[in-house]
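*Asks:* Below is a structure I'd like to ask you about.
There are 2 protein chains.
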Amino acid sequence: MPGGTQSVTRAFAILKVFSDARREWTLADLARTIELTKPTALRLLGVLEREGMVQRGRPGGSYRLGPRAIELGALAQRSIDFQASARPELERLAWMTGETTTLEMLAGTEILVLDFVRGRRPGSWGEYVGARWPAHAAATGKVLLAAARRERSEGWEQFLSATRGRLARFTPRTITTMTRLGEELTQAQRRGYATAIEELEPGYVAIGVPVENHAGRSVAALCIGGQSSRLTRDRRAVLLRALQESARRISAQLGANGATRPAVAAGRG
Amino acid sequence: MPGGTQSVTRAFAILKVFSDARREWTLADLARTIELTKPTALRLLGVLEREGMVQRGRPGGSYRLGPRAIELGALAQRSIDFQASARPELERLAWMTGETTTLEMLAGTEILVLDFVRGRRPGSWGEYVGARWPAHAAATGKVLLAAARRERSEGWEQFLSATRGRLARFTPRTITTMTRLGEELTQAQRRGYATAIEELEPGYVAIGVPVENHAGRSVAALCIGGQSSRLTRDRRAVLLRALQESARRISAQLGANGATRPAVAAGRG
DNA sequence: AACTATAGTCCACATTGTGAAACAGCATTC
DNA sequence: GAATGCTGTTTCACAATGTGGACTATAGTT
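Chains as they are written, first to last, in my numbering: chain X, 1 to 269; chain L, 270 to 538.
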């Protein structure tokens with residue numbers, strides 16, 4: 001860790017312990033888990049509280065994430081300009097296919113769910129904004145990793161150094177060697193899409209296609225996922241076409257292929 | 270500012286400069302605006318980048334908010350348990366009335382938009398998650414301030430110390446004195462709702478009602494807002510009834526009035 | 001070529017942040 | 001009801017951490 005960053009790093013270590021499994025923390029408990037002394041943790045929490053990143057019901061109570069975190073997250077989402085363009089397409093796809101559709105981006109060794117529309121079919125997979133899944137076992141992950149490798153972007157370097165060739169196994173079909181993954185990425189790049197057939201979870205199948213921006217960079221990926229029994233080989237071919245059509249439309253709005261990008265008005269009024 | 274918190278406070282000062290008006294910042298520009306030296310700003314940005322709170326297209330490029338901010342914000346939203354309960358009611362209200370409906374909470378001297386559904390009527394007010402409006406000029410703000418005052422919670426103390434009796438004017442009808450606001454809050458508390466008739470913006474009218482949790486605390490507020498020409502006195506009476514009915518249902522789900530609270534399943538599967 | 005931006009590096013210095021110890025409340029337990 | 005264990009919080013001596021001036025490198029403009 002580069003020097004001169006201890007306190008800030010610690011502050012974010014505090015924010016990191018908040019999760020769905022554990023949304024509320026007492027000072028002592030939190031200090032113990034991240035190995036800080038109580039005074040230090042208290043001081044850092046003091047800043048976080050003043051900044052609105054955490055809050056507590058009453059003085060002396062336990063901490064939760066606060067309103068500023070919500071605000072910042074919403075702003076970050078809006079800063080990613082493909083969000084707005086993708087929303088109607090997600091809805092369209094979910095409506096047409098009945099399956100859960102998601103918009104995802106690469107974040108380190110994982111893919112991050114930016115937005116989703118749940119399918120109306122019974123037993124559709126649930127998702128949530130901010131969910132993360134290992135990239136090497138996800139259809140979107142393969143597509144985005146393939147693009148990152150091709151573009152020689154830092155995302156690919158990051159992936160290599162973070163995994164160090166170790167790919168975790170989730171099902172019998174998960175790809176766990178870098179050579180096999182390399183082949184898969186090459187195929188994804190050639191075909192322009194990728195699949196993950198029960199590689200992340202038994203019974204779960206997904207198809208992913210890239211969304212490209214004005215500069216031709218793959219900035220995100222669209223995904224349709226659901227039960228393997230319903231997403232048969234034949235049906236996947238149909239879904240793939242719909243997926244590619246949607247991705248093409250979003251990409252066009254981002255200025256890909258020289259298309260002009262419509263201005264989007266926002267705000268009150 | 271309490272001691273021992275300089276660097277962390279500065280790190281958050283950096284995050285604060287990102288806004289809808291300015292989503293991208295260069296190092297020098299950022300350092301200048303918040304009056305930091307370049308090395309200091311660079312070091313702090315380094316931590317933020319490593320933490321994924323900010324990102325940049327390529328090394329040496331300009332900074333934007335990053336994926337971790339999205340993740341954190343989404344988690345914070347989920348941590349507030351009334352979010353999930355409120356969503357269907359927002360949709361219901363928007364569908365029934367055709368107007369924009371919002372779910373808001375108090376954050377310092379402002380109210381924060383947690384969620385919203387835009388009305389289908391032409392000229393419906395636009396909103397976005399993370400938007401903030403001054404509490405004293407908003408219907409929801411009055412409702413929540415009234416509750417904070419009654420509950421003697423720290424929110425009220427915060428409001429007093431932050432405003433120091435100074436209430437900004439936005440329209441000729443904005444309440445700008447503390448005595449007048451005090452009266453308004455008393456009325457809001459007695460009636461169980463509040464209105465803001467062209468107090469925030471000319472032509473904009475809103476009605477707000479509180480959402481209460483199991484402990485009887487007003488944790489959020491529901492709001493219907495739109496053009497004054499359409500939200501006439503008579504129609505407001507109708508809308509109020511729908512609003513109160515929705516608030517009652519959400520409050521019930523939060524365990525108010527001794528009602529049992531249904532468990533909510535989440536996650537993949 | 002001279003000038004003016006930018007991002008990034010280095011390192012001497014002292015301000016800032018640290019954590020042991022002690023304190024004040026509140027439940028349990030003995 | 002005293003003792004014990006847990007909270008969250010305050011204090012303060014000490015030095016490690018973070019700071020910023022000076023400098024470098026690279027790019028773009030005049």
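Where is the CB? At the ideal position from N, CA and C, for every residue including glycine.
In this structure, does DSSP put residue 381 of chain L in helix, strand or coil?
*Replies:* Residue 381 of chain L falls in the strand class under three-state DSSP.
*Asks:* Going by alpha carbons, who is nearest to residue 366 of chain L out of L/516, L/328, L/499 and L/301?
*Replies:* Residue 366 of chain L has its Cα closest to that of L/499, out of L/516, L/328, L/499 and L/301.
*Asks:* Give the DSSP-derived three-state secondary structure of residue 519 of chain L in the structure shown.
*Replies:* Here residue 519 of chain L sits in helix by DSSP.
*Asks:* Just tell me which of L/447, L/424 and L/442 has its CA closest to the CA of residue 435 of chain L.
*Replies:* Cα-wise, what sits closest to residue 435 of chain L is L/447.
*Asks:* Mind pulling the chain X residues with CB within less than 8 Å of residue 298 of chain L?
*Replies:* The premise fails here: residue 298 of chain L is roughly 16 Å from chain X at the closest Cβ pair, so nothing lies under 8 Å.
*Asks:* Am I right that residue 300 of chain L and residue 8 of chain X are in contact with their C-beta atoms under 8 Å? What's the rounded C-beta distance?
*Replies:* The pair is not a contact, with the Cβ atoms about 16 Å apart (cut-off 8 Å).
*Asks:* In this structure, what does DSSP give as the bridge partners for residue 105 of chain X?
*Replies:* Answer is X/112.
*Asks:* Could you say if the region 220-237 of chain X and the region 129-145 of chain X meet the contact criterion of at least three C-beta pairs nearer than 8 Å?
*Replies:* A contact exists between the region 220-237 of chain X and the region 129-145 of chain X.
*Asks:* List the residues that DSSP assigns as beta-bridge partners of residue 224 of chain X.
*Replies:* Paired residues: X/101 and X/207.
*Asks:* Along the chain, where does the beta strand (DSSP E) containing residue 64 of chain X start, and where does it finish?
*Replies:* Run containing residue 64 of chain X: 63-65, per the beta strand (DSSP E) assignment.
*Asks:* For chain X, check one thing: does any of its Cβ atoms lie closer than 8 Å to the Cβ of residue 514 of chain L?
*Replies:* For residue 514 of chain L, the answer is no, since every Cβ of chain X falls outside 8 Å of its Cβ.
*Asks:* For residue 197 of chain X, which residues does DSSP report across the bridge?
*Replies:* In the DSSP output, where bridge partners are listed per residue, residue 197 of chain X has X/205.
*Asks:* Residues of chain X with a CB under 8 Å from the CB of residue 314 of chain L: which are they?
*Replies:* Residues of chain X passing the Cβ test: none, with the nearest at roughly 10 Å.
*Asks:* Could you round the C-beta distance between residue 139 of chain X and residue 74 of chain X to whole angstroms and report it? I think they count as a contact, below 8 Å.
*Replies:* Actually they are not in contact, since the Cβ atoms of residue 139 of chain X and residue 74 of chain X sit about 27 Å apart, beyond 8 Å.
*Asks:* Helix, strand or coil for residue 276 of chain L per DSSP?
*Replies:* Here residue 276 of chain L sits in helix by DSSP.
*Asks:* Taking 8 Å as the threshold (beta carbon to beta carbon), is residue 174 of chain X in contact with chain L?
*Replies:* No, residue 174 of chain X does not count as interfacial toward chain L.
*Asks:* Candidates L/459, L/403, L/455 and L/384: which alpha carbon is nearest residue 439 of chain L's?
*Replies:* The shortest Cα separation from residue 439 of chain L among L/459, L/403, L/455 and L/384 belongs to L/403.
*Asks:* I need the straight-line Cα distance from residue 368 of chain L to residue 389 of chain L, nearest angstrom please.
*Replies:* About 7 Å.
*Asks:* Would a C-beta distance cut-off of 8 Å place residue 130 of chain X and residue 340 of chain L closer than the cut-off?
*Replies:* Against a cut-off of 8 Å, the Cβ pair of residue 340 of chain L and residue 130 of chain X comes out as a contact.
*Asks:* Count the other CB atoms within 10 Å of the CB of residue 478 of chain L; is the residue buried (16 or more) or exposed (fewer)?
*Replies:* The residue in question, residue 478 of chain L, is buried, as its Cβ has 16 or more Cβ neighbours within 10 Å.
*Asks:* Quick one: list the residues of chain X neighbouring residue 333 of chain L, beta-carbon separation under 9 Å, in chain order.
*Replies:* The contacting residues are 76, 79 and 80.
*Asks:* In terms of residue numbering, what span does the beta strand (DSSP E) encompassing residue 134 of chain X cover?
*Replies:* 132-134 is the extent of the beta strand (DSSP E) around residue 134 of chain X.
*Asks:* On the DSSP bridge assignment, give the partners of residue 55 of chain X in chain order.
*Replies:* Answer by DSSP bridge pairing, in chain order: X/64.
*Asks:* Within its chain, find whatever has a CB closer than 6 Å to the CB of residue 282 of chain L; leave out the 5 residues flanking it on each side and keep chain order.
*Replies:* So the qualifying residues of the chain are 303.
*Asks:* Let me know if residue 212 of chain X comes out buried or exposed under the rule of 16 or more other beta-carbons within 10 Å of its beta-carbon.
*Replies:* By the 10 Å Cβ count, residue 212 of chain X comes out buried.
*Asks:* Looking at chain X, which residues of the region 271-285 of chain L have a Cβ within less than 7 Å of any of its Cβ atoms?
*Replies:* Correct list: 271, 273, 274, 276, 277, 278, 280, 281 and 284.
*Asks:* Beta-carbon of residue 287 of chain L versus every beta-carbon of chain X: anything under 8 Å?
*Replies:* Output row for residue 287 of chain L: interface = yes.
*Asks:* How long is the line joining the alpha carbons of residue 78 of chain X and residue 289 of chain L, rounded to whole angstroms?
*Replies:* Answer to the nearest angstrom: the Cα atoms are 8 Å apart.
*Asks:* If you draw a straight line from the alpha carbon of residue 469 of chain L to that of residue 495 of chain L, how long is it in whole angstroms?
*Replies:* Taking the straight line from one Cα to the other gives about 12 Å.
*Asks:* Going by DSSP in three states, residue 514 of chain L sits in which element: helix, strand or coil?
*Replies:* In the structure shown, residue 514 of chain L sits in a helix (DSSP, three-state: H, G or I).
*Asks:* Counting beta carbon pairs with one atom in the region 84-91 of chain X and one in the region 110-117 of chain X, are three or more of them shorter than 8 Å?
*Replies:* As far as the Cβ criterion goes, the region 110-117 of chain X touches the region 84-91 of chain X, which means the pair count is three or higher.
*Asks:* Would you identify the three-state DSSP class for residue 487 of chain L, choosing helix, strand or coil?
*Replies:* In this structure, residue 487 of chain L counts as strand in the three-state DSSP scheme.
*Asks:* Apply the 10 Å Cβ neighbour rule to residue 502 of chain L and answer buried if 16 or more other Cβ atoms are within range, or exposed otherwise.
*Replies:* It is exposed - the Cβ of residue 502 of chain L has fewer than 16 other Cβ atoms within 10 Å.
*Asks:* List the DSSP bridge partners of residue 25 of chain X.
*Replies:* DSSP lists X/63 as partners of residue 25 of chain X.
*Asks:* Which of the three DSSP states is assigned to residue 316 of chain L in this structure?
*Replies:* It is helical.
*Asks:* Residues of chain L with a CB under 9 Å from the CB of residue 114 of chain X: which are they?
*Replies:* Within chain L, the residues near residue 114 of chain X are 336 and 339.
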